[in-house]
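First the structure, in the form of structure tokens, and then the observations on it.
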Amino acid sequence: MPSLVASLSVFATLFALTASQQCFGVDGTKLDDTFAPCNPSAKHSGCCATKRSSGADLCLDSGLCMSTRGEFTGMIWQNGCTDSTGKDVACPKMCPINSSGGSSAVITWNVQQCDYGVYCCRASNDRSSCCNNASAPKVTVSSIGALQITSTPLASITLALPSSTPTQIVATAVSTGTPFDTTSAPATNDCTKEKRQTAVVGGTIGGIFGAVIVGLAGALLWLYKMEKRQRKLKEHYEEQFSQTAAYRRTIASTVSLMGSELGEMKSRPADT
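As numbered in the working numbering, residues 688 to 959 make up the sequence shown, in order.
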């Protein structure tokens, strides 16, 4: 009899543990079997798609997930928790939770990095940037979590990094025990868009700077030519003035000499 009671107790414990491993989205709906708790030994835990046959998620110690699947590689997600309400302390709460049993259109959140330490939340099916969306949930944190070390063999984790665009993954440990926060690379599309915008801004600034330099060079050349022209005119006028003055002095001297000679001629007695 005692052994039967013990067996029933073990069975009940295993049943309760198994039941607690069901993962729920942020809206409270059940997630499929590809999602599993990141910390299965805990009462509640954040959930990630760690059971995918390829491109399985990597768990962060904050309960968030890092994708390794195709174009989503390096992107951070808040998929849900084993607590259907999402209110347990172990559940990720970077983005809003909703325990309304599926009335929300958002089942999982994609966490987008807008700036260093600044993030916003967008629905998993939303491809537009939420950084400039005033209605999008935003949060400022120093870190959104660190990669969680599990017993999963390293050989079973395949990172399908895009060959055209390198993805940088920076994991930062959280000093406090509060579940939440790591630093992830922005989505590939967002990186491309930001690089394009940076190139446009850089080209515009370079064009303006070049135009200013050309304008200054033109102004200096014009001033140099004007100064040279004025100097030549001055030299010409001075030369003309000096020649005119010498000519006047010569005329004055000649007139004076002629006047003297004329006076002498008048003073001589007339010949008889």
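From the three backbone atoms N, C-alpha and C, an ideal C-beta is built for every residue, glycine too.
List the residues that DSSP assigns as beta-bridge partners of D802. When DSSP reads this structure, D802 sits in a beta bridge with V805.
Where the beta strand (DSSP E) through Q709 begins and ends: Run containing Q709: none; DSSP gives neither H nor E here.
Using 8 Å as the threshold, is the C-beta distance between T961 and S728 below it? The requested residue 961 does not occur in the structure, where the chain is confined to residues 688 to 959.
Can you list, in chain order, the residues of its chain with a C-beta nearer than 7 Å to that of G804? Leave out the 5 residues immediately preceding and following it. Here the set comprises T827, V828 and S829.
So, under 8 Å CB-CB, C725 and L718 are touching, yes? Tell me the CB distance rounded to an integer number of Å. 13 Å between Cβ atoms; not a contact.
V826 lies in the beta strand (DSSP E); which residues open and close that run? Element bounds for V826: K825 to T827.
Please indicate yes or no: does the CB of A933 lie closer than 7 Å to some heavy atom of the ligand GTP? Absence of the ligand GTP from the depicted structure is noted, as is the absence of any ligand whatsoever, leaving it without description.
A723 burial status per 10 Å Cβ neighbour count (16 or more: buried): With 16 or more other Cβ atoms within 10 Å, it is buried.
Buried versus exposed call for A906 [16 or more other C-beta atoms within 10 Å across all chains shown]: Result: exposed.
Any idea what DSSP makes of M781, helix, strand or coil? The three-state reading of DSSP puts M781 in coil, since its state is none of H, G, I, E or B.
Considering only DSSP beta bridges, list what G767 is partnered with. G712.
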